[in-house]
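Below is one structure, written out as structure tokens; comments come after it.
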Amino acid sequence: MHDQVGERGAASGINPSRRVRVNPLHVSEVKPEHVVEMPHWGTFSTPLGYDYLRRSRSQVVGYHVFRAILDAAACVVTRLFLGFKLRGRENVRALQGGFVSVCNHVQTLDCGMVLQALRGHRVYLLSIESNFSIALSGQFVRWGGAVPLSPNHRQLHELVVAMGDALGHGDVVHVYPETALLPYHRDLRAFATGAFNLAVRNHVPVLPMVITQRERRGLWRVLKRKPCLTLTCLPAIYPDESLGRVDATYDLAERCWQAMDAALRAGAVGD
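If you number the sequence shown the way UniProt numbering does, the last residue is 271 and the count never jumps.
Right under this line is the structure:
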């Protein structure tokens with residue numbers, strides 16, 4: 001049994017000899033294929049020196065104005081077309097200072113759900129570069145707070161430094177640790193470790209969120225075919241400061257996975 005776990009861990013890019021026990025089916029650096037293809041206008045590649053934080057006066061004002069419009073639109077659209085409900089906001093209000101938030105990635109509009117949960121906070125959403133060239137909405141992605149996740153090491157280093165600055169400034173960095181959208185998938189997939197490494201490096205908590213599906217009732221049985229959705233904010237989970245950075249990262253990722261999986265299996269609180 002130990003050999004099987006070790007083999008799977010090695011295949012997942014996880015060193016099975018680490019003293020922190022991590023299930024490689026829960027935490028893995030293997031990136032899944034993207035199954036949702038969007039129409040794009042051209043391509044986008046993150047330049048060196050990219051302005052991730054956008055903190056000039058005009059940019060800050062523009063962000064808050066656009067965010068207010070976006071939150072209002074997301075509130076209407078997600079509730080009207082997706083039967084969306086939000087639970088657990090008290091766990092967001094309980095946090096002081098910056099934090100990393102994570103969520104399962106199961107709906108094209110789930111970023112709008114996340115922003116509703118995090119209203120009152122400036123949010124930086126890590127997003128793959130191709131989202132910045134999506135037809136019609138690419139520029140809106142940036143205005144809404146998304147920052148590009150480059151495959152190039154130098155740009156990635158700049159991003160990590162900038163997001164550390166954002167967390168120190170009291171802002172929120174949101175990451176989808178499953179790394180790829182898989183619409184209406186019911187089970188929790190394996191997590192990449194980037195979000196948790198960022199939290200450990202900056203000594204901030206992770207706020208787990210889960211999107212659960214619930215049965216259509218009443219008019220929803222007529223108005224839509226897909227299940228209705230609920231986003232639940234769970235209590236924050238903190239890095240274990242007694243561990244080294246690598247072990248603390250895997251430990252935090254595993255604990256967040258376990259908490260989110262338990263909430264998904266229970267249907268989350270309040271559904």
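Glycine included, every Cβ here is placed at the ideal spot set by N, Cα and C.
Beta-carbon gap between residue 294 and Arg-89 smaller than 8 Å: With the chain covering 1 to 271 only, the question about residue 294 has no answer from this structure.
Leaving out five residues on either side along the sequence, give the residues of the same chain with a beta carbon under 8 Å from the beta carbon of Thr-78. Phe-84, Leu-109, Gly-112, Met-113, Gln-116, Leu-229
Return the chain-ordered list of same chain residues with a C-beta closer than 7 Å to the C-beta of Ala-248, the five sequence neighbours on each side being excluded. Val-200, Pro-239, Asp-240
Residues near Cys-75 in its chain [Cβ-Cβ closer than 7 Å; skip 5 each side]: Gln-116
At a cut-off of 7 Å, would you count Ala-263 as near the ligand GDP, judging by its Cβ distance to the nearest heavy atom? Questions concerning the ligand GDP fall outside what the structure shown contains, since it holds no ligand whatsoever.
Run through DSSP, which three-state label would Leu-86 get? strand
Three Cβ pairs or more, each shorter than 8 Å: is that satisfied between the segment 201-214 and the segment 64-72? no
Nearest to Leu-156 by CA position, among Ala-262, Asp-51, Ser-28, is which residue? Asp-51
Looking only at its chain, what residues have a beta carbon closer than 6 Å to the beta carbon of Val-175, apart from the 5 residues adjacent to it on each side? Val-102, Leu-126, Ala-195
Using the Cα positions of Val-141 and Pro-148, report the straight-line distance between them to the nearest angstrom. 10 Å
Give the DSSP bridge partners of Ser-101, in chain order. His-174, Leu-207
Within 10 angstroms of its Cβ, does residue 340 collect 16 or more other Cβ (buried), or is it exposed? Since the first residue shown for the chain is 1 and the last is 271, residue 340 is missing from the structure and cannot be characterised.
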